[in-house]
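These protein sequence lines map, in sequence, to chains A and B.
Those letters in the first sequence? Residues 1 to 253, per our numbering, in order.
Those letters in the second sequence? Residues 1001 to 1439, per our numbering, in order.
Where a beta carbon is used, it is the ideal one built from N, C-alpha and C, also for glycine.
Working notes, beginning with the structure itself.
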Amino acid sequence: MKYIIEAQHVLKQYGAFRALDDVSVAIPRGSVYGLLGPNGAGKTTLIRIMNRITAPDSGRILFDGHDIQPSDVERIGYLPEERGLYKKMRVGEQVLYFAQLKGLSRAEATRRAKEWFVRFRIEEWWGKKVEELSKGMAQKVQFVTTVLHRPELLIFDEPFSGFDPLNAELLKNEMLRLRDEGATIIFSTHNMASVEEVCTHITLINKARNILSGTLDEVRERFGATEVREVVRMSKSMNDIFIEAVGQTNSAL
Amino acid sequence: MSKISIIVAREFNERVRKRSFLITTILTPLLMVGLVGAMIAMMTLRSGDIKRIEVIDASGVVAQELENSGVIEFVPSERSLEEINSYHPDTWGVLTIGADVVDNPSNVQLYTYSSSTLETETSVARAIESVVEAEKLKRYDIENLPRILDEVRTRVQLTAFKVDDSGSKKESSSVLAMGLAYALGFLMYMFVLLYGAQVMNGVIEEKNSKVLEVMVSSVRPFQLMMGKIVGIALVAVTQFVIWVAILAIAGAAMVNTLVPADLLTAAQAGTPAANFSYAELSGFDPDMVAALSNAMDFSYIGKMLAVFLVFFVGGYLLYAGMFAAVGSAVDNVQDSQQFQMPITLPLVLGLIGMINAMQDPTSGMAFWLSIIPFTSPMVMVARVPYGVPAWELILSVALLIVSFIVMVWLAGKIYRVGIFMYGKKPTFRELAKWITYKS
């Protein structure tokens, strides 16, 4: 199967507000897929639908070629934009809890979690309560809970927000390492520099619609062709493309 | 392990491991036992205070015949009133009896050194009366007088029986029934309210810490809600079982040390005749003997506890569903006040119905409130100790089950929408609208 997950003509309505309007996206296996768009465009709604947190009003989600099943969520890892852990729970217990809910046995979860704690040098946090952790530490714990069950598909919503540059770098390297191990990564961000650095594909969503999709090169091609900068053979930055594409659809509406 | 049982386990473990759970679980019954023990101890202490009355008897026939009661001791005295007045270390009072007391029974006087009570004065008068009556009877020169007197002495004790549908009758203790009705009904109210609120607070906490979004990417919102509700129910049941165990052990110890052995034997025999004859012999209140006898009837107590657990689980599920829905709709506990009104109102109505049922368990109000699901858990457990027809119990339980299934289903509908709503506090109309949203 070429695509790990596909959204086909997805529509989602909240009361009078249309969050997604006929959105189709196909995420190729092994890609690092950037999900871009202004605040409130519908990115998080699309991510929630892919995670089976909410269901679309119409349209389909295909996972690995079949209509997504409840058990498929065990093959997905999700790091939401609003990070959250049980504050009163101990760190180790918490990691094991989430892993068990993703279908891992307790023993297997313990073994893998210990490895990650060593890798992140946070072994001594195992018995502490989450409320005792700093924000950065809690983020690392949250990252471990996201990847522990070795999901084929990782969905990160604004993964770098709240990390200092050093930890953001660590996180980025871990993401790339997971990609090298075969995982597909979807991540939504406003950080265009990181998009250019790691993404192979992007989709730009604005006002509930998919306005631009493709590989990075395809996207550059389409927008670069009409631009003066082409003369000096300088690629247009993703930042410019973002602003231009959003501007075009906004004025068209 | 299924996902829901993983959630149940976490909710249960996190709560029972808390120090506050351990403290309330152990201390509450000990406090209750201690309180009852202190009350009994105070009562025995009071009766140990015997009033010593010196009797100056000019008639020469009364003093030695006066019968001591539990609290009064009569001591015939050789001294004069003046002598006693000047020196009376352990004497509570002095009774002087005139020489013509048999013909003129009012010629008696009581002098006391501390304030007297009507109760004491009455018992002193009764004691004199019976001696004087006996003296008067003697004047008729009847043969075998003491034997005749013994034979005609009569004491009536009414024994109440509850005749149930099967026609078998059983001695019923209204004292025990009332105590049980009150204890079980009130405990039900407390448990449903406290543990229901725990469900709500748990949901609000998950919402505030944003952990919900991670959770629902692994499990269905309904599983999460049910896991929490069931986990907390297990905490409540655990606490209840520990309480019953502690109370049973402490109660048995208390009964063995404080209750006279022969009373215990009589109560254990448990037959109305045994209770009655013992009560007659000992002067204990027969209803108390019956209460003790009923309390040691394990099938009776066991049935009460089983009914309590069934109604607790049903009532708790009904209310916990509502509490979960409210918790999902708000961002903090303050905002929840307005939505809690429709939850606490029927609970309070149930409490009122329970008190009504204690006084008149067969009244129309008690009947209907024990059938209607929102009040039935409290009112029915208050009625059961008095005996309730089986069909009423079955109807009440069936209605409770149907309504908690409907309620949990509705709550799940509100919950799955509410947990993603932040900011603006919703209205009741919006809550109703969420029910119709597609999942």
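For Asn210 of chain A, the enclosing beta strand (DSSP E) covers residues Arg209 to Thr215. From the beta-carbon of Arg1429 of chain B, no residue of chain A is found nearer than 8 Å; the closest lies around 12 Å away. Taking a C-beta distance under 9 Å as the contact criterion, Met1322 of chain B and Gly1231 of chain B do not qualify as a contact pair. Out of B:Ser1209, B:Gly1350, B:Met1225 and B:Phe1339, the CA that lies nearest to the CA of Trp1409 of chain B is found in B:Met1225. Of all residues in the segment 16–48 of chain A, none comes within less than 7 Å of chain B when Cβ atoms are compared. Val23 of chain A has A:Val10 as its beta-bridge partners, per DSSP. The segment 19–36 of chain A makes contact with the segment 194–214 of chain A; the number of CB pairs closer than 8 Å reaches 3 or more. Residue pairing of Ile1053 of chain B in beta bridges, as defined by DSSP: B:Phe1074 and B:Gly1093.
Bounds of any alpha helix (DSSP H) do not take in Val32 of chain A; it lies within the beta strand (DSSP E) bounded by Val32 to Leu36. In the DSSP assignment, the residues bridged to Gln1109 of chain B are B:Thr1096.
Rounded to the nearest angstrom, the Cβ distance from Val1379 of chain B to Ala1357 of chain B is 5 Å, consistent with a contact under 8 Å. If you ignore the 5 residues before and after Ala55 of chain A, its C-beta comes within less than 8 Å of the C-beta of Ile49, all in its own chain and listed in chain order. Runs of alpha helix (DSSP H) with 4 or more residues, each lying fully within the segment 91–170 of chain A, are found at 91–101, 106–119 and 135–147, listed in chain order. In this chain, Phe1374 of chain B is not harboured by any alpha helix (DSSP H), its DSSP state being neither H nor E.
Assigned with DSSP and collapsed to three states, Ile53 of chain A falls in coil, not helix or strand.
Against Val141 of chain A, chain B offers no close residue; the least beta-carbon distance is about 11 Å (beta-carbon pairs closer than 9 Å).
At a C-beta separation below 7 Å, Pro80 of chain A has these neighbours in chain B: Glu1213 and Val1214. The Cβ of Met89 of chain A sits closer than 9 Å to at least one Cβ of chain B. Of all C-beta pairs linking the segment 1425–1439 of chain B to the segment 1326–1344 of chain B, three or more are shorter than 8 Å, placing the two stretches in contact. When 7 Å is used as the limit between beta carbons, Leu101 of chain A is near these residues of chain B: Lys1003, Ile1006, Ser1218 and Val1219, in chain order. Judged by beta-carbon spacing, Glu1135 of chain B lies beyond the 9 Å limit of Val1071 of chain B, meaning their Cβ atoms are not closer than that value. Taking every protein chain shown into account, the CB of Thr184 of chain A has 16 or more other CB atoms within 10 angstroms, so this residue is buried.
Ranked by how close their Cα comes to the Cα of Thr189 of chain A, the residues A:Gly162, A:Glu124 and A:Arg121 have A:Gly162 in first place.
If you draw a 10 Å sphere on the C-beta of Gly1034 of chain B, you find fewer than 16 other C-beta atoms in it, and that means exposed. Look at the segment 1009–1041 of chain B: the residues with a C-beta under 8 Å from a C-beta of chain A are Arg1010 and Glu1014.
Out of B:Val1388, B:Phe1222 and B:Gly1350, the CA that lies nearest to the CA of Tyr1300 of chain B is found in B:Val1388. Within chain A, the C-beta atoms nearer than 8 Å to that of Ser1209 of chain B come from Gly84, Leu85, Tyr86 and Lys87, in chain order. Here the alpha carbon of Gly127 of chain A sits roughly 17 Å from the alpha carbon of Lys135 of chain A.
Contacts with chain B at 9 Å (Cβ-Cβ) include Thr145 of chain A. Residue contact with chain A for Lys1433 of chain B: present (Cβ-Cβ distance below 9 Å to some residue of chain A). Close partners of Asn51 of chain A in chain B (Cβ separation under 7 Å): Ser1217. By the 16-neighbour rule on beta-carbons within 10 angstroms, Asp180 of chain A is exposed.
Chain-order list of chain B residues neighbouring Phe98 of chain A: Val1214, Met1215 and Ser1218, by C-beta distance under 9 Å.
The residue from B:Phe1374, B:Gly1418 and B:Trp1391 with its alpha-carbon nearest to that of Val1402 of chain B is B:Phe1374. Secondary structure of Asn206 of chain A (DSSP, three-state): strand.
In this structure, DSSP gives Pro1146 of chain B a helical state, which the three-state scheme calls helix.
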